[in-house]
Every structure is written in structure tokens, then in C-alpha cells.
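Undergrad: FYI, the working numbering numbers position 280 of the sequence shown as 280, with every residue one higher than the one before it.
A virtual CB, placed ideally from N, CA and C, is assigned to each residue, including glycine.
A single structure is presented below for examination.
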Amino acid sequence: MYGVDPQNTGHHPTATGPSGEEVELRTVFESEGVISNSLAIADGMLYVAADNHLHAVDLATEELEWKKQVNASPSAHPTVSDKRVYAGTKDGVVAVERGSDTVLWRNDIGISSVNPVIAEEAVVGTQNLVLHRFDPESGDEKPLHNMRDYQGGGPHTNVPAVTDGTVYFAGENTLYAVDIETGEVEWEFENPAGEPLGESNPAVKDGTVYVGGEDQRLYAIDANNGSEEWSFTVNASVKCSPSIADGTIYFGGAGAGAQKLFAIDRESRDHVWGPKDLRYSVRSKPIIADGIVYVSSYHDLFALNSEDGTLKWQFESLGEGESIRASPAVSNGSLYVPTAEGHIYAIDSMN
């Protein structure tokens, strides 16, 4: 799932990816449609939205287990619970039984590309500055809060972060904290520079919400009251969602001359290493597993030691110059990477 957990930390404490310095690449899935959504992996099954379908791939056999026409949005990230796969469609949200292609419910409420997040007996998602809550059993929808009266523009398809009964998400230049039960706005943080925050999905860890801004800053906001704890200037627009692991915040820069990967200590706010210069901007979320940071940068893919930033391995192109618009996923020693050209590649350490 996008962000690994409902808090969007990007850190998988139990999974492992390819850790060797020599790796090999193979194709595990091909579709005629674009894949710009992150992959969901659970119990050896990979779920992906492509070509209007939701697909389930058995990673042990690398065979397609099932696919279901659900009018899936290629840019909405699916997520899984114990029993269901939830996916955003071009009309709303759908829930499919994990063990089959049975549609348990769908709610076509006229909203596109919702990124569902499972949180405390609810499924939540945002679209066009409206926060929606769906009942996981029935699919009944309840608008929790509407920001359209406060901010114009759109459409916005933000991935919220959820913890302790509160949903955190950004829209335009404001970060919101909303009670998941009542829809009451607990607090709002408006970017003091007036620049957008909405392209950087928030991440929350240990009482602090982290979000990037187009004013070239990473913000740390108190999760309880919305006050600014600190901000860090990086001389690059921060449009990717930050990730947090073992006291370090990882995020990328975007824009001409600002194609960099940053690693910042949460306490001292010093560079742990880098910044690393890249060929392209970083817009997808870094993923951290077993001491390695996996990050994509348009055509490129990197694996870096999380402690010192040394390069483990890299690909400067996948396939024939394919582009990567979503974060990779790790499972059982492999890294799975979707491309906009409709492929999913697996990367493994060479024996």
C-alpha cells in the first residue's frame, strides 16, 4: 500500500528487499494500461490497478490469480485489509474479496481517483478538497469535511495519513487535522509563505506531522495542536511525501537544478548524509526496509544505505526507457517496481 502504513511513514520494519550490490531484473506483470499507482502486497499476493481492472498476482508463481473490471483509476493506490482489497475507481471506491474477484461493494458517488486508506473501522480518502469516510462492510459513504468553501482550485487527490482517530491531509496551502468520527476540524496549519502543500502527502510519526511545500521547505507540525515545530529549507520544491525511519526523514526535491534526495535527522535537523544529486526530480515516496532506502526518480531507480547514503545499486532505465510514477514495494527479498508503460518489474539480489 502507499506509504506502507496508515501513517504514511514509508518504513517497512519487517520486510526485506534486494540487499546485495549485484541485482537482476525480470518482468512479472504486463498490462496494456498505464500504472501510476503504488502496489499493495499481502500474504504473497500483489494487487495493482491497470487498464480499468484490479489485478491479483501470486508472487510465488508470478501468475495472474484473477483480474476484475472495476473501472479502476490507474492513479489511485489500492490497499488491503484482512479480507478485502479497496481501490479507487473513475467513479468512486470499490471493495473486492481478496481470495476471489468477487465485488463485495462499490460506491459510485461521482468522484475519481480516491486513494483509500484503512483506519480504525473505516476507509477514508480525499478528492477535490472533500474528505470521505466509507463503511468497510457496506461501502456507505459519509462526507467528513468539505474544504471547498475555504479553498478553490482542484482537482486534488491527496493520500491522507491517519493515526489515533485523526486524519491528516493537505489541500492547496493548508494542512488539516480532522476527527475521523465527527468530521470536526481539530486544527489547520496554513503555510506562512502561502505556497501549496497539496502535492506532498503528509506523514505522521511520534506526534509530529511532516509535509513538504513548494516554498522549498519541509515542515514539522505538532500533531496535537497544529503549531509549527520547525521547518527546514532545502532550496528545492518538496512535492514528494516524506518518509521516516529510525530517526531520519527522507524526501526528494523537484524542479530544475533541484533534483536531490535529502536525509535529515529528526532531532538535530542536520543532514545525515547528502544531499544526493540525481538526474531527475523525486516525486514518488521513498521506501525504507532493512536499512536500505529505495527511491525512484522518473527513469531512474536507486538503492542507498540508509545510514550513510552509499549507493548499493541503481538502474538508469527500466525496460526501454520506461518511467516510474509510483513508489516501489518490498516483499520477501524482492523489490517490485511499476512503470507508466504498464509493466511491473521484480529486482532480486544475484546469488
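Going by DSSP in three states, residue 146 sits in which element: helix, strand or coil?
TA: Locating residue 146 in the sequence shown gives position 146, counting from the first residue. Three-state DSSP puts residue 146 in a strand.
Undergrad: Would DSSP call residue 161 helix, strand or coil?
TA: Taking the first residue of the sequence shown as 1, we reach residue 161 at position 161. If DSSP states are grouped into helix, strand and coil, residue 161 belongs with the strands.
Undergrad: In chain order, which beta strand (DSSP E) runs of at least 3 residues are fully inside the segment 91-118?
TA: Qualifying beta strand (DSSP E) stretches, in chain order: 92-97 and 103-108.
Undergrad: Just to check my reading of the structure: residue 74 and residue 109 have Cβ atoms closer than 8 Å, yes? What is that Cβ distance to the nearest angstrom?
TA: As a first step, residue 74 is located in the sequence shown; it is residue number 74 there, counting from the start. As a first step, residue 109 is located in the sequence shown; it is residue number 109 there, counting from the start. Going by Cβ atoms, the distance from residue 74 to residue 109 rounds to 19 Å, so no, they are not a contact pair.
Undergrad: In this structure, how does DSSP classify residue 322 when only helix, strand and coil are distinguished?
TA: Translated into the one-based positions of the sequence shown, residue 322 becomes position 322. Residue 322 falls in the strand class under three-state DSSP.
Undergrad: Measuring only the C-alpha atoms, how far is residue 167 from residue 230?
TA: Residue mapping note: residue 167 aligns to position 167 of the sequence shown, counting from 1. Residue mapping note: residue 230 aligns to position 230 of the sequence shown, counting from 1. Using only the alpha carbons, I get a separation of about 21 Å.
Undergrad: Classify residue 155: buried if its beta carbon has 16 or more other beta carbons within 10 angstroms, exposed otherwise.
TA: The residue labelled residue 155 in the question sits at position 155 within the sequence shown. Any reading at residue 155 needs caution, since the residue's pLDDT is 43, under 50, leaving its predicted position unreliable; the model's value is listed next. It is exposed - the Cβ of residue 155 has fewer than 16 other Cβ atoms within 10 Å.
Undergrad: Under 8 Å by Cβ, that's how I've got residue 202 and residue 169 pegged, so tell me the actual separation to the nearest angstrom.
TA: Working through the sequence shown from its first residue, we reach residue 202 at position 202. Working through the sequence shown from its first residue, we reach residue 169 at position 169. Confirmed, Cβ separation roughly 7 Å.
Undergrad: With a 10 Å radius around its C-beta and 16 neighbouring C-beta atoms as the bar for buried, classify residue 289 as buried or exposed.
TA: Position 289 of the sequence shown, counting from 1, holds the residue named residue 289. The residue is buried, with at least 16 neighbouring Cβ atoms inside 10 Å.
Undergrad: Which of helix, strand or coil does DSSP assign to residue 363?
TA: Look at the range of the chain in this structure, 1 to 351, and you will see that residue 363 is not part of it.
Undergrad: Would the segment 206-215 and the segment 223-241 be scored as touching if the rule is three or more Cβ pairs under 8 Å?
TA: Judged by Cβ distances under 8 Å, the segment 206-215 makes contact with the segment 223-241, as three or more pairs qualify.
Undergrad: Between the alpha carbons of residue 91 and residue 125, how many angstroms are there, rounded?
TA: For this step, residue 91 is matched to residue 91 along the sequence shown. For this step, residue 125 is matched to residue 125 along the sequence shown. C-alpha separation (whole angstroms): 13 Å.
Undergrad: Tell me which residues share the same chain as residue 158 and place their Cβ nearer than 7 Å to its Cβ, disregarding the 5 neighbours each side in the sequence.
TA: Against the sequence shown, residue 158 aligns to sequence position 158. Excluding positions up to five away in sequence, the list reads 126, 169, 170, 171, 198 and 201.
Undergrad: Who are the near neighbours of residue 11 in its chain, counting only those whose CB is closer than 7 Å to its CB and skipping five residues on each side?
TA: Working through the sequence shown from its first residue, we reach residue 11 at position 11. Excluding positions up to five away in sequence, the list reads 4, 243, 244, 245 and 288.
Undergrad: Would you mind reading off the limits of the beta strand (DSSP E) that contains residue 55?
TA: Position 55 of the sequence shown, counting from 1, holds the residue named residue 55. Segment 53-58, the beta strand (DSSP E) holding residue 55.
Undergrad: Could you compute how far the alpha carbon of residue 307 sits from the alpha carbon of residue 347?
TA: Position 307 of the sequence shown, counted from the start, is the residue given in the question as residue 307. Position 347 of the sequence shown, counted from the start, is the residue given in the question as residue 347. Going from the Cα of residue 307 to the Cα of residue 347 covers about 22 Å.
Undergrad: Can residue 355 and residue 25 be called in contact, C-beta distance under 8 Å?
TA: What is shown of the chain runs 1 to 351, which leaves residue 355 out entirely.
Undergrad: Only counting the same chain, and skipping five residues up and downstream in sequence, which positions put a Cβ closer than 8 Å to that of residue 165?
TA: Here residue 165 refers to the residue found at position 165 of the sequence shown. For residue 165, where only same-chain residues beyond five positions count, the Cβ hits under 8 Å are 120, 179, 180 and 181.
Undergrad: Within a Cβ cutoff of 7 Å, which residues of the same chain sit near residue 152, ignoring the five residues on either side of it in sequence?
TA: Along the sequence shown, one-based indexing puts residue 152 at 152. Its pLDDT being 48, under 50, residue 152 is placed unreliably in this model, and the coordinates cannot settle the point.
Undergrad: Excluding the five sequence neighbours on either side, which residues of its own chain have a C-beta within less than 6 Å of the C-beta of residue 123, listed in chain order?
TA: The sequence position of residue 123 within the sequence shown is 123, counting from 1. For residue 123, where only same-chain residues beyond five positions count, the Cβ hits under 6 Å are 86, 116, 134 and 136.
Undergrad: Report the rounded CA-to-CA distance for residue 84 versus residue 17, giving the unit in angstroms.
TA: Working through the sequence shown from its first residue, we reach residue 84 at position 84. Working through the sequence shown from its first residue, we reach residue 17 at position 17. Cα to Cα, residue 84 sits roughly 25 Å from residue 17.
Undergrad: Between the C-alpha atoms of residue 223 and residue 161, what's the straight-line distance to the nearest angstrom?
TA: Residue 223 sits at position 223 when you count from the first residue of the sequence shown. Residue 161 sits at position 161 when you count from the first residue of the sequence shown. C-alpha separation (whole angstroms): 11 Å.
Undergrad: Along the chain, which unbroken stretches of the beta strand (DSSP E) at least 3 residues long are found entirely within the segment 274-336?
TA: Listed in chain order, the complete beta strand (DSSP E) runs (minimum 3 residues) inside the segment 274-336 are 287-289, 292-297, 300-305, 311-315 and 329-331.
Undergrad: Using DSSP with H/G/I as helix, E/B as strand and the rest coil, what is residue 174?
TA: The residue labelled residue 174 in the question sits at position 174 within the sequence shown. Reduced to three states, the DSSP call for residue 174 is strand.
Undergrad: Taking DSSP as the reference, what is the three-state secondary structure of residue 62?
TA: The residue you call residue 62 lines up with position 62 of the sequence shown. Residue 62 falls in the coil class under three-state DSSP.
Undergrad: Can residue 77 and residue 38 be called in contact, C-beta distance under 8 Å?
TA: Against the sequence shown, residue 77 aligns to sequence position 77. Against the sequence shown, residue 38 aligns to sequence position 38. Closer than 8 Å, so yes.
Undergrad: Using the three-state DSSP reduction, which class does residue 182 fall into: helix, strand or coil?
TA: As a working note, residue 182 is residue 182 in the sequence shown. The answer is coil: DSSP assigns residue 182 none of H, G, I, E or B.
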